[in-house]
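S.K.: In terms of the UniProt record's numbering, the sequence shown has 126 at position 126, counting the first letter as 1, and numbering is strictly consecutive. Here a beta-carbon is modelled for each residue, glycine too, at the ideal position from N, C-alpha and C. Nothing here was measured: the structure is a model prediction, and the numbers come from that model. Dropping the structure in here first, questions after.
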Amino acid sequence: MVQDGKSQEIEETDGLPFPQRIWAVVAIGFALCMSVLDINISTVILPTLAHDFGTSDSVITWIVNGYQLAIVVSLLSFSALGEIFGYRKVFLSGIALFCVTSLICALSNSFWTLTTARIFQGFSASAITSVNTAQLRLIYPKKQIGRGMGINAMVIAISAAAGPSVASGILSIASWHWLFAINLPLGIIALTLGIKYLPEQKELSKRKFDVISAVANAITFGLLIYTLDGFAHHERYDYLILQLVILIIVGTYYVRRQLGQESPLLPLDLLKI
């Protein structure tokens, strides 16, 4: 009976207490909404941007591609940084950078400025999304983590579905610059609540950040997506073959390096499940 009482006490004190738990979840929700909403919003305005900047349809897509590519190549790296320096620090840094890059996007008057800002915005979105699920383990009791993941999934789904409607509504009354400006209030709310309510990790990983693996990871996944896109658009095959060779060499080195590490950037052991 005593053991049952102790275990019940541990379960009740696991996670954050109310109302801190609610506000922490709200902070994560606003940050996720901001990062997901931005993908679909920018897709809607591509024809408008192509006209304003005088670029071709194939070139203007890099405003979306750059954002998504930055997320893919850095997601695992930011996840590792979260284990080393703390999920809270990586998450809040991502929100802060997202706000700054959103302001630059809103003030952009050239294609290259907007594209560069969008790439860094993608890195900030990667920092947000890479650790948001891990933070749920600190926010919710163990028995309620599934509820937290369900709320996250709902926020992502609603944000993705609302993106085109939000973009169309804003474009009907204002210029495309305001589509990026709407991230600022969302980001400020998420950052303010996150600073006040998100918990710190009690234990951090003592491993060092593997820079070589991070670079190899970025090259591998970046070339994989870029090469597949090149074949789909029938680009020059000599360039594509060269990219494919580099991809195989770097990818093989990357996988072999991960197999020899205790805490790999890419957990290949999950493939055995």
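For His233, does the three-state DSSP call read helix, strand or coil?
M.R.: DSSP places His233 in coil when its eight states are reduced to three.
S.K.: According to the Cβ coordinates, are Ser110 and Phe53 closer than 9 Å?
M.R.: At the C-beta level, Ser110 and Phe53 come within 9 Å of one another.
S.K.: State the Cα-Cα distance for the pair Ile170 and His177, rounded to the nearest angstrom.
M.R.: 10 Å
S.K.: Going by Cα to Cα distance, which pick from Phe123, Gly66, Ser56 and Met149 is closest to Phe78?
M.R.: Phe123
S.K.: Under 8 Å: do the stretch 32-40 and the stretch 160-170 share three or more Cβ pairs, one atom per stretch?
M.R.: Contact between the stretch 32-40 and the stretch 160-170 is present, because at least three Cβ pairs lie under 8 Å.
S.K.: Can you tell me whether Asp269 is helix, strand or coil according to DSSP?
M.R.: helix
S.K.: So, at 7 Å on beta carbons, what are the nonlocal neighbours of Ser7 in its own chain, with the 5 sequence-adjacent residues on each side left out?
M.R.: Caution applies to Ser7, whose pLDDT of 37 falls short of 50 and renders its modelled position unreliable; the value that the coordinates give is listed next. So the list is empty, once near-sequence residues are dropped.
S.K.: Could you check how far apart the C-beta atoms of Gly148 and Tyr140 are, in whole angstroms? I think they sit under 8 Å.
M.R.: 5 Å
S.K.: Under the assumption that Leu138 contacts Gln201 (Cβ atoms under 8 Å), give the Cβ distance between them as a whole number of angstroms.
M.R.: 7 Å
S.K.: Counting Cβ pairs closer than 8 Å, one from the stretch 90-99 and one from the stretch 190-197, do we hit at least three?
M.R.: yes
S.K.: Using the Cβ count rule (16 or more neighbours within 10 Å means buried), how would you classify Tyr87?
M.R.: By the Cβ neighbour-count rule, Tyr87 is buried, with 16 or more other Cβ atoms within 10 Å of its own.
S.K.: If you drop the 5 nearest sequence neighbours on each side, which residues of the same chain put their C-beta closer than 8 Å to that of Leu32?
M.R.: Ile128, Thr129, Asn132, Asn152, Val155, Ile156 and Ser159
S.K.: Any idea what DSSP makes of Arg207, helix, strand or coil?
M.R.: coil
S.K.: So for Glu83, helix, strand or coil by DSSP?
M.R.: helix
S.K.: Using DSSP with H/G/I as helix, E/B as strand and the rest coil, what is Ser168?
M.R.: helix
S.K.: Straight-line CA distance for Ser126 to Phe209?
M.R.: 17 Å
S.K.: Classify Ser58: buried if its beta carbon has 16 or more other beta carbons within 10 angstroms, exposed otherwise.
M.R.: exposed
S.K.: Apart from the five residues just before and just after Gly5, which ones in its own chain have a Cβ nearer than 6 Å to its Cβ?
M.R.: Its pLDDT being 43, under 50, Gly5 is placed unreliably by the model, and nothing is read from it.
S.K.: If you compare alpha carbons, which of Ser42, Tyr237 and Leu266 is closest to Thr115?
M.R.: For the options Ser42, Tyr237 and Leu266, the alpha carbon positioned closest to that of Thr115 is the one of Ser42.
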